[in-house]
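Accompanying notes for the structure given below.
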Amino acid sequence: MRDIGKFRRSVVAFGVSASARLRAYGRERWWERRRERWREYGMLALIVALSAFLNLYRLTDNGLGNVYYSTAVRSMSLNWRNWFYVSFDPGGFVSVDKPPLALWIQVASVQLLGYSSFSLLLPEALAGILSVVVLWCI
Numbered sequence: 273m274r275d276i277g278k279f280r281r282s283v284v285a286f287g288v289s290a291s292a293r294l295r296a297y298g299r300e301r302w303w304e305r306r307r308e309r310w311r312e313y314g315m316l317a318l319i320v321a322l323s324a325f326l327n328l329y330r331l332t333d334n335g336l337g338n339v340y341y342s343t344a345v346r347s348m349s350l351n352w353r354n355w356f357y358v359s360f361d362p363g364g365f366v367s368v369d370k371p372p373l374a375l376w377i378q379v380a381s382v383q384l385l386g387y388s389s390f391s392l393l394l395p396e397a398l399a400g401i402l403s404v405v406v407l408w409c410i
C-alpha cells in the first residue's frame, strides 16, 4: 500500500493524474499497434505482388496445360449437358474422372475470356495467389 501512495504522490507532484497518464500511454500504444499492423499489411501486399508476378509471368508458355482436361473444358463450354455431366467429348458420352469444381471454374473462365491457354490457366494462377493470403491468415 505504501508504494501505491508514493506513486500517487509522485504523479500528483508532477501535476498529471494517474488516469491521464494511463490514457496517454494507451493512446501511444494504440498508435504503435496501428503502425505495426499497417507494416504487416504492407509486407503482405509485397509478398502477394511477388506471388502474382511469379504465377502470372509467361503463363501462356505452358500451352494448354493437360490436353485431356483442356479438351474436356472446351467440350463442357459447348452446352449445359456436357457441363453438368463433366463430359469429355462433344456428344456427352465419356465423362472425366476428375472432380468437377476445378473444371467448372475453368469453363467459367473460358466463357468470359474465350478458349485460350491464358483463360485455361488463369484460375489456377489466381488460386496460387489466393493461397498466399489464406496461409497468412492462418
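Counting in this note's numbering, the sequence shown runs from 273 upward without gaps.
For glycine and all other residues, C-beta sits at the position ideal for the given N, C-alpha and C.
Check whether residue i and residue j have beta carbons under 7 angstroms apart
i	j	result
L393	G337	yes
Y387	R330	no
R353	G363	no
DSSP-derived helix/strand/coil call for residue i
i	result
S391	helix
G335	coil
R330	coil
G386	coil
S349	coil
I319	helix
I410	coil
F279	Any answer about F279 is weak, because its pLDDT of 49 lies below 50 and its placement is not dependable; what the coordinates show is given next. Residue state, collapsed to three classes: helix.
Residues that residue i bridges to, as DSSP identifies them
i	result
S367	S359
Nearest candidate by alpha-carbon position, reference residue i, set the options
i	options	result
L328	V405, I401, C409	I401
V405	E312, P362, R305, Y340	E312
V339	D361, R306, W310	D361
L398	N351, F356, L326	L326
Own chain, CB closer than 7 angstroms to residue i, minus 5 neighbours either side, in chain order
i	result
Q383	S349
W408	L316
V366	S359, F360
Contact set for residue i: own chain, Cβ-Cβ below 8 angstroms, skip 5 residues either direction
i	result
S334	The question names Ser, but residue 334 in the sequence shown is Asn. So the list reads S389, L393, once near-sequence residues are dropped.
L375	Y341, A344, V345, M348, V358, V368
I410	none
S403	none
Own chain, CB closer than 6 angstroms to residue i, minus 5 neighbours either side, in chain order
i	result
L385	S391
D395	The residue you asked about is not Asp; residue 395 is Pro in the sequence shown. Excluding positions up to five away in sequence, the list reads I377, Q378, S381.
L373	none
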